[in-house]
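Residues 1 to 246 in full-length UniProt numbering are what the sequence shown lists, from first letter to last. Backbone N, C-alpha and C fix where the C-beta goes; we use that ideal spot for every residue, glycine too. What you are looking at is a predicted structure, and each value in this text was computed from that prediction instead of being measured.
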Amino acid sequence: MLGTSATLVLKPGGTILVYKNPQSIVGETDKITSALERKLLLAGFLEVGVLKSTMNRKLKENFLTLKSKGEDAFKRKDYLGAICWYTKFVLARSNEGSRALSDAEACIASRLDWPKAYYKESVAHKLLKDFVKSAYSFNEALELDPKNEELQKAFWLMHLGMLDNSFLHPEGVECVQRVNQIARKYWDLYSSETLDHDLPGHLLNYPIHITKKGEVKELNGIEFFPDTKAKVLGSKSELLPPILTT
């Protein structure tokens with residue numbers, strides 16, 4: 001029992017249940033839950049990948065509400081309203097990702113050899129749409145514990161949005177073929193005219209093919225990336241941006 005506000009129970013697996021006292025102050029329970037979760041996470045009691053039901057359910061409902069309002073506004077051709085709702089949705093996800101990243105960095109600082117801390121960091125980067133850093137953090141976790149099937153499965157689930165038995169043997173031909181098959185499917189979805197939802201994963205084939213003579217060609221005559229004027233094969237520029245170094 002924490003004061004007179006709420007009772008927090010840590011169930012096996014790391015799920016926190018919150019039993020509110022009718023006399024509790026609104027918002028106080030959430031603060032207590034957040035503080036306790038941070039302490040438990042740093043102590044290593046919360047397992048990686050476990051959804052802490054109370055907080056995650058509220059966040060998910062909030063995200064879905066904002067996104068739904070944006071979609072409704074877009075269908076009504078209220079484009080200004082759609083932009084406002086989508087912006088709120090993106091900011092909400094970004095704020096949650098920033099908090100998750102802060103927690104992960106605290107975990108890593110306390111235990112540099114803890115694979116699950118790097119996994120949490122990877123999840124946070126993915127939430128912030130920084131997929132390169134997400135993959136890097138995942139690699140750090142797998143280097144510390146290369147035989148951890150939980151981490152291996154989580155890696156593929158995060159980047160492809162699905163699991164397959166072949167993923168447990170990434171060095172095998174079957175895994176390579178399966179990943180290429182999925183990447184082609186996701187590119188077809190991404191480049192289609194009717195895509196109205198997020199892709200299941202974010203690993204896509206680059207739209208090029210190599211001829212028998214070794215020439216690099218556009219895939220199926222696709223000159224530009226969808227909805228852009230960015231050339232698939234790129235183009236030469238007379239000027240180089242100052243950020244480039246030699």
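{"Query": "Isoleucine 210 - DSSP class collapsed to helix/strand/coil", "Result": "strand"}
{"Query": "Boundaries of the beta strand (DSSP E) in which glutamate 218 is found, first to last residue", "Result": "216 to 218"}
{"Query": "Continuous alpha helix (DSSP H) stretch holding isoleucine 182: start and end", "Result": "173 to 190"}
{"Query": "Buried or exposed by the 16-neighbour rule on C-beta atoms within 10 Å, applied to lysine 236", "Result": "exposed"}
{"Query": "Three or more C-beta pairs below 8 angstroms linking the segment 138 to 145 and the segment 166 to 180", "Result": "no"}
{"Query": "Collapsed DSSP secondary structure at isoleucine 155 in the structure displayed", "Result": "Residue identity differs from the one stated: residue 155 is phenylalanine in this sequence, not isoleucine. Here phenylalanine 155 sits in helix by DSSP."}
{"Query": "Inter-residue spacing [alpha-carbon to alpha-carbon] between valine 123 and serine 134", "Result": "7 angstroms"}
{"Query": "Own chain residues within Cβ distance below 7 angstroms of leucine 127, not counting five before or after", "Result": "Arg93, Glu96, Gly97 and Ala100"}
{"Query": "Where lysine 75 sits in the DSSP three-state scheme", "Result": "helix"}
{"Query": "Beta-carbon spacing of leucine 203, leucine 160 below 8 angstroms", "Result": "yes"}
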